[in-house]
Amino acid sequence: MLDRARQVLVLALFIVLAGSGLAQADGFVSMPGAKGKNKAIKLQMVKYEGSTNGVMVVQVKNTAKVSRTFEATGLFFVPKGDPEAAPQRLGASGPFVELAKGKSIVHQENMVLQPGETKTIELEVFCIDSHRSSPSSSTEFRIAKNKLPSSLRRELSVSNKAIYSENAGDLSKAKPAVQSNMWRARDKQWVPIEG
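The sequence shown begins at -17 in the numbering used here and counts up by one.
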């Protein structure tokens, strides 16, 4: 009777953990690189908070035996589901926030990860498809297999940095102009991308 009770308890615990996401399979994927994959750095989606633009929370893990640098430039996120009916894809832009362990919050453009280190970060993301509807916090996304095309990455990097600078680094003030710039640059360099 005790063994049966243990089995029921283990099954109930598994269901609770699975429902909470704690028992999920390893959802880390290789970081898309400028030329192929950066297999040492892995990313895992946590959640999206926003609409036309917002914050994508991800976990970043260094699986190498040496330190590696994470840089979000060119990363984009594809909504799950039928591309013909899906909302806009989201592109990372500008400084991101490392979720602080203390009271300090640091905005940065890249981050060094020590061997085996995993960090949770918030990426500033913006819609890149002006012809589609806006996503919401309930939209499920996945990490695109490749980064945005190099010419589009370069243009967005330079122009969005200028916008952040014009707004004295104030992300909330810069967001409307960065969003408009994302759409403008994407429409100007319309090439097929994943999703």
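Built from N, CA and C at the ideal position, the CB exists for glycine as well.
It should be emphasised that the depicted structure is a prediction, and the values quoted were computed from it without experimental measurement.
Cβ pair K24, K43 closer than 8 Å: Between K24 and K43, the gap from beta carbon to beta carbon is short of 8 Å.
Assigned exposure category for A54 - 16 Cβ within 10 Å defines buried: A54 comes out buried.
Distance between I103 and M27 (C-alpha atoms, nearest Å): Cα atoms of M27 and I103: separation of roughly 10 Å, rounded to the nearest angstrom.
Residue of F52, S116 and V11 minimising C-alpha distance to P77: The alpha carbon of P77 has as its nearest neighbour, out of F52, S116 and V11, the alpha carbon of F52.
Neighbour-count burial assignment, S162, 16 or more Cβ in a 10 Å radius: Exposed.
Residues near S2 in its chain [Cβ-Cβ closer than 7 Å; skip 5 each side]: Unreliable placement is indicated for S2, whose pLDDT of 34 sits below 50; the coordinate value is still reported in the next sentence. Taken in chain order, the list of residues that qualify is empty.
Residues that DSSP places opposite K43 in a beta bridge: K43 is bridged to K24 and T100.
Simplified DSSP state of K127, which is helix, strand or coil: In this structure, DSSP gives K127 a state outside helix and strand, which the three-state scheme calls coil.
Simplified DSSP assignment, three categories, for V11: DSSP, reduced to helix, strand and coil, places V11 within a strand of the structure shown.
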